[in-house]
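Read the structure below first, then the notes.
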Amino acid sequence: MPLTPSSRMTRRVFIRGLAAASAFPVSAFAQERDYQVHTAEWNPGFDSASRTITMPRSRFATLSSSTAQSIEQAIQNYQGILSRGGWPSVTLGRERLRVGMRDRAVTLLRQRLIVSADLDQAAGVSEIFDSYVEAGVRRFQARHGISADGVVREATVSALNVPVESRLRQLENNLVRVRAMSGQLGERYVVVNIPAAQLEAIENGTVASRHTAIVGKPDRPSPVLQAKIQEVNFNPTWTVPASIVKKDLIPRMQEEPNYLSRNKIHIYDQHGRELQADNVNWQSNEATNYMFRQDPGQQNSMGSIRINMPNPHAVYMHDTPSKNLFGEDMRFHSSGCVRVQNVRELVAWLLRDTSGWPRQQVEAVIKSGERFDVKLAKPLPVYWVYITAWANPDGIVQFRDDVYGNDGVAPAPVVGMRG
2 MPLTPSSRMT
12 RRVFIRGLAA
22 ASAFPVSAFA
32 QERDYQVHTA
42 EWNPGFDSAS
52 RTITMPRSRF
62 ATLSSSTAQS
72 IEQAIQNYQG
82 ILSRGGWPSV
92 TLGRERLRVG
102 MRDRAVTLLR
112 QRLIVSADLD
122 QAAGVSEIFD
132 SYVEAGVRRF
142 QARHGISADG
152 VVREATVSAL
162 NVPVESRLRQ
172 LENNLVRVRA
182 MSGQLGERYV
192 VVNIPAAQLE
202 AIENGTVASR
212 HTAIVGKPDR
222 PSPVLQAKIQ
232 EVNFNPTWTV
242 PASIVKKDLI
252 PRMQEEPNYL
262 SRNKIHIYDQ
272 HGRELQADNV
282 NWQSNEATNY
292 MFRQDPGQQN
302 SMGSIRINMP
312 NPHAVYMHDT
322 PSKNLFGEDM
332 RFHSSGCVRV
342 QNVRELVAWL
352 LRDTSGWPRQ
362 QVEAVIKSGE
372 RFDVKLAKPL
382 PVYWVYITAW
392 ANPDGIVQFR
402 DDVYGNDGVA
412 PAPVVGMRG
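Structure (structure tokens):
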């Protein structure tokens, strides 16, 4: 059970709240607790043709030697859109729009998707939300980090209504960031794109595997950094940082006195002697004087794996027992560290050149429940980057929300529903 419950927010409310959030520096608190702080109107005019627009599921890496050139091309394309008058705003006339519906808003939706090349111009303009429009919406959603279900809700309308000027500025800002990182990234490396809450394992410029991630909250952001992955810890213990003891653990113990015992967290004084929870005054900050360590196991906040990458921010990547958060669009729940979905696949890739560590051995050690540390045969570069707009050689342009407010480009408000 989490130390600090995380309220369920809509994408719109979440982004509104970012305006007040400052990018505090990340320190030891980044070694975080894995808190969980997740009738169609059919008519004869409905077009049931097969979906013809390709979804952006490529092996192109977010950050590679070709990223800067691809962004430059995207900037030219968006400058062209701007010179032609941009795209229309979409008014959400109902709670949602989906395949099979007829609505005046669909006409503008079609026009908007055609301008950004998410819908072929040959699809035409009408009030019917057919399968071509659904495919175009899915493509747009995938490019903007929204669950690609083809249904137009508030979050999709908000992204549709960001002006082309803002998107162009996003691309220009991120071109500067990408150019600053130009150079030899390595033959094999890992990239965590923080705004996308996504990790890529890259080999020879191609994505070997892509993983959904959970990254830092706006008030406990994941830092931009470059480091080397040196070691994998199987079935690790977890030492609670003092900042989390104060912010999260003390309030939790005030509410649930048996929290420590239930989650197998032990207390030790400065001399290494174990204390009982009853001996601590939880109505004060006395607990910050002690060390708290959680046993390995299913309840451990780092799950079964920790990936060590020494760095000044004391952050790392790890597994998590709380898998449900990976299903959300807004995956900003940690205290700075990065939780990785399907982390075993990543670890098998990291240890590929380390003798005696095939995937079967990885699984066997995890299943044993025993603590075990493995050094990589060769330290692997890892880059945590803040890229909110990028493009690939296939011409697909991706955008993500500026969750930490580093772009200075505010999201557009949602156009209200018609009465």
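First residue of the sequence shown: 2, per my numbering; consecutive thereafter.
Every residue gets a Cβ at the ideal spot worked out from N, C-alpha and C, and that includes glycine.
In this text the structure is predicted, and so the values were computed from the model without any measurement.
Cβ-Cβ distance between residue i and residue j below 7 Å
| i | j | result |
| --- | --- | --- |
| asparagine 407 | tyrosine 387 | yes |
| valine 179 | threonine 68 | yes |
| glycine 151 | arginine 139 | yes |
| leucine 120 | glycine 137 | yes |
| isoleucine 266 | glutamine 299 | no |
| leucine 347 | alanine 202 | yes |
| glycine 304 | threonine 321 | yes |
| threonine 238 | proline 297 | yes |
| glutamate 128 | arginine 105 | yes |
| proline 380 | glutamine 231 | yes |
| threonine 213 | phenylalanine 327 | yes |
| valine 177 | leucine 83 | no |
| proline 89 | glutamine 112 | yes |
| valine 191 | threonine 63 | no |
| asparagine 234 | arginine 353 | no |
Closest residue to residue i among the options (Cα-Cα distance)
| i | options | result |
| --- | --- | --- |
| valine 341 | Arg353, Ile251, Ser356 and Ser323 | Ser323 |
| alanine 278 | Ser127, Ile268 and Leu250 | Ile268 |
| serine 335 | Met318, Glu155 and Trp283 | Met318 |
| arginine 189 | Ser65, Glu371 and Phe327 | Ser65 |
| tyrosine 405 | Trp358, Asn194 and Gln362 | Asn194 |
| proline 311 | Pro258, Lys229, Arg353 and Pro382 | Lys229 |
| glutamate 364 | Arg345, Pro382 and Lys376 | Arg345 |
| glutamine 185 | Pro196, Gln284, Glu257 and Pro382 | Pro382 |
| serine 169 | Ala75, Arg154, Gly86 and Val116 | With the sequence shown as reference, residue 169 is identified as leucine, and serine is not the correct amino acid for it. Considering only alpha carbons, the answer is Ala75. |
| serine 148 | Met331, Pro380, Ile215 and Asn162 | Met331 |
| alanine 378 | Ala392, Val366, Leu351 and Val398 | Leu351 |
| serine 71 | Gly409, Asp403 and Trp391 | Trp391 |
| alanine 197 | Val339, Val246, Gly87 and Gln122 | Val339 |
| leucine 276 | Asn286, Asn264, Pro224 and Met292 | Met292 |
| phenylalanine 209 | Asn393, Ser369 and Ala349 | Sequence inspection shows alanine at residue 209; the phenylalanine mentioned does not correspond to that position. When each option's Cα is compared against that of alanine 209, the closest is Ala349. |
| glutamate 96 | Glu166, Gly87, Val158 and Leu200 | Val158 |
| glycine 187 | Thr207, Leu200, Asn175 and Asn174 | Thr207 |
Limits of the beta strand (DSSP E) - the one that residue i falls within
| i | result |
| --- | --- |
| glutamine 201 | Looking at the sequence shown, residue 201 is not glutamine but glutamate. Glutamate 201 -> beta strand (DSSP E) spans 199-204. |
| glutamine 295 | 292-295 |
| threonine 207 | 207-217 |
| asparagine 234 | 226-235 |
| isoleucine 308 | 306-309 |
| tyrosine 269 | 266-269 |
| phenylalanine 428 | This structure does not reach residue 428, given that the chain is present from 2 up to 420, and the question cannot be answered. |
| asparagine 194 | 189-194 |
| valine 341 | 339-341 |
Assigned exposure category for residue i - 16 Cβ within 10 Å defines buried
| i | result |
| --- | --- |
| asparagine 422 | In the structure as shown, the chain begins at 2 and stops at 420. Residue 422 is therefore absent and cannot be evaluated. |
| lysine 218 | buried |
| aspartate 249 | buried |
| threonine 40 | For threonine 40, the pLDDT reaches just 31, beneath the cut-off of 50, and the residue's location in the model is therefore unreliable, although a value from the coordinates is still provided. Threonine 40 is exposed by the Cβ-count criterion. |
| phenylalanine 61 | buried |
| phenylalanine 373 | exposed |
| valine 134 | buried |
| asparagine 325 | exposed |
| valine 126 | exposed |
| arginine 401 | buried |
| arginine 211 | buried |
| alanine 160 | buried |
| methionine 289 | Going by the sequence as given, residue 289 is threonine instead of methionine. Exposed. |
| glutamate 42 | Annotation note: pLDDT 36 at glutamate 42 (below 50); position unreliable, coordinate value reported separately. Exposed. |
| aspartate 395 | exposed |
| asparagine 205 | exposed |
| arginine 253 | buried |
| proline 222 | buried |
| proline 242 | buried |
| threonine 53 | Confidence is the limiting factor: at threonine 53 the pLDDT is only 39, short of 50, which leaves the residue's position unreliable, though a coordinate-based value still follows. By the neighbour-count rule (16 or more Cβ atoms within 10 Å), threonine 53 is not buried but exposed. |
| arginine 144 | buried |
N- and C-terminal bounds of the alpha helix (DSSP H) containing residue i
| i | result |
| --- | --- |
| glutamate 256 | 251-256 |
| alanine 69 | 68-84 |
| glutamine 112 | 105-116 |
| leucine 261 | 260-263 |
beta-carbon residue i near the ligand NAD non-hydrogen atom, thresh 6 Å
| i | result |
| --- | --- |
| proline 89 | The ligand content of the structure shown is nil, which means the ligand NAD is not present either. |
*Please list the segments of the alpha helix (DSSP H) lying wholly inside the region 343-397, counting only runs of 4 or more residues, in order along the chain.*
344-351 and 360-369
*Let me know the alpha helix (DSSP H) ranges lying completely inside the region 118-178, each 4 residues or longer, listed in chain order.*
132-144 and 155-161
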